[in-house]
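Colleague: The opening residue of the sequence shown carries number 1 in the UniProt record's numbering; numbering runs sequentially from there.
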Amino acid sequence: MGANESAEIQVNFNHPNSFYSAGEQITGNISFQSTHEKLTLDGIFLEFIGELGFTTRETKQQHDSNGRNRAEPFTEYHRIAFMTVCFPVVQPQYGQHEVILYRGQYSWPFQFTLPQCLPPSSIPMTIEYPYVKYFMRIVLNKPWYKLNRKQIYPLTIFPRVSLNQIPSAQQSVPFAQANRKKLQVDGHLLQAGFVPGSKLSFQINLQNPKRCEIKKITATLIQHRQIAQTHHSEIIFRNDLLDLHEFSGTQFDRIYDLQIPSVHLAPTYTYMSQCCAPSINVDFNYELKLDVKARGLFTDFTLRVPVIIGTEPISNQHELINSYVEMPPPSAPVYDFDEPPPAYESVVSNFKQ
1 MGANESAEIQ VNFNHPNSFY SAGEQITGNI SFQSTHEKLT LDGIFLEFIG ELGFTTRETK
61 QQHDSNGRNR AEPFTEYHRI AFMTVCFPVV QPQYGQHEVI LYRGQYSWPF QFTLPQCLPP
121 SSIPMTIEYP YVKYFMRIVL NKPWYKLNRK QIYPLTIFPR VSLNQIPSAQ QSVPFAQANR
181 KKLQVDGHLL QAGFVPGSKL SFQINLQNPK RCEIKKITAT LIQHRQIAQT HHSEIIFRND
241 LLDLHEFSGT QFDRIYDLQI PSVHLAPTYT YMSQCCAPSI NVDFNYELKL DVKARGLFTD
301 FTLRVPVIIG TEPISNQHEL INSYVEMPPP SAPVYDFDEP PPAYESVVSN FKQ
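1) Rounded to whole angstroms, what's the CA-CA distance from L41 to N141? Just pull it up for me.
2) Give the single residue among F13, I80, L39 and Y20 whose Cα lies nearest to the Cα of I280.
3) With respect to the beta strand (DSSP E) encompassing E69, which residues constitute its N-terminal and C-terminal limits?
4) In whole angstroms, give me the CA-to-CA distance for I138 and I30.
5) Would you mind working out which of D291, R254, T126 and L163 sits nearest P196, comparing C-alpha positions?
6) Is the beta carbon of Q105 closer than 9 Å to that of Q25?
7) For G67, does the count of other Cβ atoms within 10 angstroms reach 16, so buried, or fall short, so exposed?
8) In this structure, how does DSSP classify L320 when only helix, strand and coil are distinguished?
9) Give me whichever residues DSSP pairs with R254 in a beta bridge.
10) I believe F301 touches Q184 by the beta-carbon criterion, under 8 Å. Please report the beta-carbon distance rounded to the nearest angstrom.
11) Okay, do the segment 257-271 and the segment 199-210 touch, 3+ Cβ pairs below 8 Å being the bar?
12) Verify whether the separation of the beta carbon atoms of L265 and I309 is less than 9 Å.
13) So, is I263 buried or exposed, given that buried needs 16 or more other C-beta atoms within 10 angstroms?
14) Can you give me the Cβ contacts of N208 inside the same chain, cut-off strictly under 6 Å, excluding the 5 residues immediately before and after it?
15) Might you give, ordered along the chain, the residues of its own chain that have their beta carbon closer than 8 Å to the beta carbon of K181, omitting 5 neighbours on each side?
16) For P73, collect the residues of the same chain with a Cβ closer than 8 Å to its Cβ; drop the 5 residues on either side in sequence, then sort them by chain order.
17) Just to check my reading of the structure: G193 and Q203 have Cβ atoms closer than 8 Å, yes? What is that Cβ distance to the nearest angstrom?
18) Rounded to whole angstroms, how far is the Cβ of V282 from the Cβ of V132, which I believe are closer than 8 Å?
19) Checking the sheet assignment: what are the DSSP bridge partners for Q223?
20) For S168, does the three-state DSSP call read helix, strand or coil?
21) If we ignore side chains and look at the alpha-carbon of each, how far apart do H231 and H224 end up?
22) From what residue to what residue does the beta strand (DSSP E) around residue 354 run?
23) If we call anything under 9 Å between Cβ atoms a contact, is L101 one with L39?
24) If you compare alpha carbons, which of E37, K216, K289 and Q274 is closest to E234?
25) Three-state secondary structure (DSSP) at Q151?
26) Three-state secondary structure (DSSP) at L183?
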């Protein structure tokens, strides 16, 4: 290949925002512009890759200045490809062993159906670990050809979690707690399941016979993400409840409607991958945390209420059942995929060379 010869590749997807649901078909086309007089390839492929990232605390032995061994802790960063699917886009014609491309512009369509059971991409993501990532990349089967960074295509993928298919999502969730001054907080979520953009509704009833002053009650929606043994909590919203600032009445009863942001939120989901030993558990779940701040020593307390976040809302809101049941999160069966590809970060760093 001459010094001035090059080939440019561009991949266009049918979803410009690169957001897909598990089980959905990805379609698009690859545009290839070659300035080579003659380019010989064994084939052109697309790879779909799912990757898990998590950390572990390890120890290593170090020698101190006196020659004695001591254990030094450190953080090990893991990047595990739990799924890889490779499919051909361009192959040699019948009876030929190579793909020959001459100078010019080429375009090839492609289509690929995502597996039905996939853990959600890590959204929102304010820290690097732990994570679930998906991406596609082009593989040109030619040893001397070096890819560039533009040939990595990140995807956002969510499983379909319909709240209509989760009986517990349609039921109310009670909560109750009191402090040593007999301030009693009772209430319930009007339903357990919500989708982004909807209102998280709950009722609070206060019994405060000793008029313990409430400085404030703060409601926080939290996403808990755990991959292997690495856990991270992401705050979705935090609001101080109205009419409860410096409240010292004997009774209070109100329904609150708190807006869930209209953004992509990874749905409640549990997934188990056996791409390596031991198996890796992926868990996304949510809770509404109510922090009660009262005047006096040892009078504060916290209520934690489980919440289900789905991708498809409850269709018959008026038929909600007002009884509490356990809420098993949606889950996927175990899958095992061999021959994992290189880590996402290592691929990108190689393209910079």
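Where is the CB? At the ideal position from N, CA and C, for every residue including glycine.
In this text the structure is predicted, and so the values were computed from the model without any measurement.
Modeller: For this structure:
1) 6 Å
2) I80
3) One detail in the question is off: residue 69 reads as Asn in this sequence, not Glu. For N69, the enclosing beta strand (DSSP E) stretches over residues N69 to V90.
4) Rounded to whole angstroms, I138 to I30 spans 9 Å at the Cα level.
5) L163
6) no
7) exposed
8) Per-residue confidence for L320 stands at a pLDDT of 40, beneath the threshold of 50, marking its modelled position as unreliable; no derived number is given.
9) I204
10) About 11 Å; that fails the 8 Å criterion.
11) yes
12) The answer is yes: Cβ separation under 9 Å.
13) The displayed chain sequence assigns Val, not Ile, to residue 263. Classification for V263: exposed.
14) Correct list, in chain order: L183 and T250.
15) K210, C212, A294, G296 and T299
16) R57, E58 and T59
17) Rounded, the Cβ-Cβ distance is 17 Å, inconsistent with contact.
18) 6 Å
19) Answer by DSSP bridge pairing, in chain order: E234 and Y286.
20) helix
21) 7 Å
22) Summary: the structure shown does not reach residue 354, with the chain confined to residues 1 through 353, and so no result is reported for it.
23) Yes, Cβ-Cβ distance for L101 and L39 is below 9 Å.
24) K289
25) helix
26) coil
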